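With numbering that gives the first Met the number 0, the residue at position 51 of the sequence shown is 50, and numbering never jumps. From the three backbone atoms N, C-alpha and C, an ideal C-beta is built for every residue, glycine too. Note that the structure is predicted; figures quoted are calculated from it, not measured. Heads up: the structure comes next, in structure tokens.
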Amino acid sequence: MGVVVIGSGIAAVAAVQAMRANRYEGEVTLVTNDEPPFYYRPMLPSLIDGSKTMEEILLTVDPVADFGAELVKGTVQGVNCAAKTVILSSGDVLGYEKLLVASGSSPSFPQIKGLDAEGVFTLRTMKDALGLCSYLQRTDVSKAVVIGAGLVGVRTAEALRRRGLAVTLVERLPTILYPVVDQVGAAIVASRLQKAGLEVIVGARAEQVLCSDGKVAGLRLASGEIPAEVVVVATGVRPNVGFLEGSGVDCRRGILVNPYLQTSQPDIYAAGDVVEYLGLLEDEPIVSPLWTTAVATGKVAGTNIAGGKMRCEEFLPVMSAAEIGGLPVIAAGLVAMEGNGYEVFERREGENYRKLVFKGDTLAGVLFVGEVEGAGVYVSLLKAQKRVGGLKRQIAARRLTYAQLVGSSGDD
Ligand SMILES: Cc1cc2nc3c(=O)[nH]c(=O)nc-3n(C[C@H](O)[C@H](O)[C@H](O)COP(=O)(O)OP(=O)(O)OC[C@H]3O[C@@H](n4cnc5c(N)ncnc54)[C@H](O)[C@@H]3O)c2cc1C
0 MGVVVIGSGI AAVAAVQAMR ANRYEGEVTL VTNDEPPFYY RPMLPSLIDG
50 SKTMEEILLT VDPVADFGAE LVKGTVQGVN CAAKTVILSS GDVLGYEKLL
100 VASGSSPSFP QIKGLDAEGV FTLRTMKDAL GLCSYLQRTD VSKAVVIGAG
150 LVGVRTAEAL RRRGLAVTLV ERLPTILYPV VDQVGAAIVA SRLQKAGLEV
200 IVGARAEQVL CSDGKVAGLR LASGEIPAEV VVVATGVRPN VGFLEGSGVD
250 CRRGILVNPY LQTSQPDIYA AGDVVEYLGL LEDEPIVSPL WTTAVATGKV
300 AGTNIAGGKM RCEEFLPVMS AAEIGGLPVI AAGLVAMEGN GYEVFERREG
350 ENYRKLVFKG DTLAGVLFVG EVEGAGVYVS LLKAQKRVGG LKRQIAARRL
400 TYAQLVGSSG DD
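Shown next as structure tokens:
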């Protein structure tokens, strides 16, 4: 019996690590349909441009070797909360005392024709990345289109470009990387991508993947056609909760949890991309499909499964530290908000851009592009939701030390 964990991503790994750190000595079984099970998912684009090998992106922690967990390969298709069992598509049934659902997310697809053509890919798993690499090696591909200019789409497009392909990045919204950067930040990054040889088309809806003999021949937009032999779809993700239907575990978009990451079924916990939880800056619960969230929620869930009482911090809508187009970008909170009760302080010098968004007396958004030194202090201030009163201008002008920033309420 013991603990069963659905998934083998970073939320699952962080949870097993926390269980053992909190002296849980019982059996832990991870069930996963991922192969190989433990790797650094955000590094998948580096397999495409060849800057890393498969071995180089494996996680340094292995729950089986390091923490004595058992690994079961298979796909979970149902959970029976009354019987406390997990049902696999093979027909096998696993009993649990406590269950952790860390099943992550899967790519979501636009409703367009042609997605079944040979040469259409997504990038979520190691298998996806290796499949795309092998296709590029086997076939005579010189042009690619990436649909969706979020973080995954942009990083995939950059990797394909570095591999020598002509790449067009197509985004439905008027700017790339929304809501991680605002319009100004997006223009700076887009210009960098264009200098690297990428074509960026915004405000364009993909209408159909064009095919010839069952293979990708291009992408049709309302404004015209882009020839390509490969299409990568990067139009967002949705939490993997389908197998919980009818189980009694309450879900909306993701699995609803309390601050201890317990679901509506007390012996079932959830962590990672699959969780829907209170937003720090929103009235409604949100999902937070981020590596940092998966690590943090895995730790909380694992600690509590082991008998602890750890609370989960509320989710931020954006929390990103990445290098995009060769520029460091740090973003947190409601970065793209303007007007309607938001006060914005921004400064731009060439490619260096800094923006702070205040809602009333508290910091609600932080965006640093290019020069990112000191950004962490502002992110901490935002996370603490500390009231800064009349200090906003000094904070925006960087006239306060760290101690003053975190120590003063500004109300005096
Ligand atoms: C290309 C790429 C780049 C990214 N870049 C960034 C970044 O720069 N910054 C950032 O914060 N985040 C980034 N992310 C997102 C980040 O990787 C995820 O938020 C994180 O990996 C989520 O971890 P998780 O453990 O919750 O879920 P996952 O890593 O998705 O793991 C879920 C696991 O559950 C398994 N599973 C699912 N359903 C079942 C089932 N029914 N039966 C058995 N097993 C199942 C899956 O196979 C998988 O192993 C990126 C993601 C990708 C794909």
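Self-check item: Identified DSSP bridge partners for L93
Solution: V85
Quiz item: At which residues does the beta strand (DSSP E) containing Y276 begin and terminate?
Solution: 274-277
Exercise. Please state whether DSSP places T291 in a helix, a strand or coil.
Key: helix
Exercise. Verify the contact flag: G332, CB atom, against every heavy atom of ligand 1, threshold strictly below 7 angstroms.
Key: no
Quiz item: When the distance is taken between beta carbons, is A101 closer than 8 angstroms to G271?
Solution: yes
Practice problem: Identify the continuous beta strand (DSSP E) that holds G364 and give its terminal residues. | Solution: 361-368
Quiz item: Comparing the CB of G6 with every heavy atom of ligand 1, is any distance shorter than 7 angstroms?
Solution: yes
Practice problem: Identify whether Y23 lies in helix, strand or coil by the three-state DSSP scheme. | Solution: coil
Quiz prompt | Reduced DSSP category for L122 - H, G, I as helix; E, B as strand; rest coil | solution = coil
Quiz item: Can you name, in chain order, every residue of its own chain whose Cβ lies under 6 angstroms from the Cβ of G409, other than the five neighbours on each side?
Solution: Residue placement at G409 is flagged as unreliable, the pLDDT there being 49, under the threshold of 50; a coordinate-derived value is accordingly withheld.
Quiz item: Is F242 near ligand 1, going by C-beta to nearest heavy atom under 7 angstroms?
Solution: yes
Quiz item: Can you round the beta-carbon distance between V173 and V201 to whole angstroms, since I take them to be within the 8 angstroms contact cut?
Solution: Going by the sequence as given, residue 173 is Pro instead of Val. The Cβ separation is near 6 angstroms, so the contact holds.
Quiz item: Among A116, V229, P35, G94, which one has its Cα closest to the Cα of G213?
Solution: A116
Quiz item: Mind checking whether I146 and V232 have CB atoms under 8 angstroms apart?
Solution: yes
Quiz item: If you scan the segment 276-350 from start to end, which runs of the alpha helix (DSSP H) of 4 or more residues do you find wholly inside it?
Solution: 290-304
Exercise. Can you grab the Cα-Cα spacing for the pair V371 / E322, in whole Å?
Key: 11 angstroms
Exercise. Counting only the same chain and skipping the five closest in sequence on each side, list residues whose C-beta sits under 8 angstroms from that of A203.
Key: V169, E170, R171, L220, A221, S222
Quiz item: I think L197 touches T155, with their Cβ atoms under 8 angstroms apart; what is that distance to the nearest whole Å?
Solution: 11 angstroms between Cβ atoms; not a contact.
Quiz prompt | Nearest-angstrom Cα separation, counted from A293 out to D411 | solution = The pLDDT assigned to D411 is 38, lower than 50, so where the model puts this residue is not dependable; a value taken from the coordinates is nonetheless given after this. When rounded, the distance between both Cα atoms is 39 angstroms.
Exercise. Kindly identify the DSSP beta-bridge partner or partners of V169.
Key: I146, I200
Quiz item: Taking DSSP as the reference, what is the three-state secondary structure of R161?
Solution: helix
Quiz item: Residues in its own chain within less than 7 angstroms of M318 by CB, not counting five upstream and five downstream?
Solution: L289, T291, A331
Exercise. Examine ligand 1 and report whether any of its heavy atoms sits within less than 7 angstroms of the Cβ of V15.
Key: no
Self-check item: Residue of V183, R191, S141 minimising C-alpha distance to V153
Solution: R191
Exercise. Verify the contact flag: P44, CB atom, against every heavy atom of ligand 1, threshold strictly below 7 angstroms.
Key: yes
Practice problem: Could you tell me which residues DSSP puts in a beta bridge with C210? | Solution: V215
Quiz item: Hey, would you say the C-beta of G271 is under 7 angstroms away from at least one heavy atom of ligand 2?
Solution: The ligand content of the structure shown is limited to ligand 1, which means ligand 2 is not among them.
Quiz item: Any idea what DSSP makes of S50, helix, strand or coil?
Solution: coil
Self-check item: Option in A13, E228, E24, T262 with minimal Cα separation from G247
Solution: T262
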